[in-house]
Amino acid sequence: MTAPVAALSNKIVFRKVLSIAADIFEVPESTLGPQSSPDTISTWDSLHHLSFVLALEQEFGVEFSPEEIEQLLSIELTEAALQEKLKGCAIPDGH
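Numbering-wise, the numbering used here comes out as the position in the sequence shown, counting from 1, plus 1336.
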């Protein structure tokens, strides 16, 4: 029974990452997907990248190292990094 819970958790994290990305990069959430990156989002520049990271850290209660921040180059990579940090932690529900 843990697989469905893990799948749900992954989906929650992915949805939250999409929502934060849409807000920070000022694009419709419907235009974003796992492959969305600075190459596909014109507003994903260095300043917005830092805002994105700070918003993720605040939402999920995690902290990224400078090396990790440099690796958050797509929605998919960002979600994977968050999943690693959140292993064994409760996922915030935003309330």
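The beta-carbon is built from N, C-alpha and C at its ideal position, and this holds for glycine as well.
- [ ] In the DSSP assignment, find the alpha helix (DSSP H) that holds Thr1414 and state where it starts and stops.
- [x] Ile1411 to Leu1422
Task: Thr1414 burial status per 10 Å Cβ neighbour count (16 or more: buried) - done: buried
Open item on the list: Closest to Ser1410 by C-alpha separation, out of Glu1365, Asp1375 and Glu1403, would be which residue?
Closed with: Nearest C-alpha to Ser1410: Asp1375.
Task: Distance, Glu1412 Cα to Gly1397 Cα - done: 19 Å
- [ ] Identify the continuous alpha helix (DSSP H) that holds Ile1405 and give its terminal residues.
- [x] Pro1402 to Gln1407
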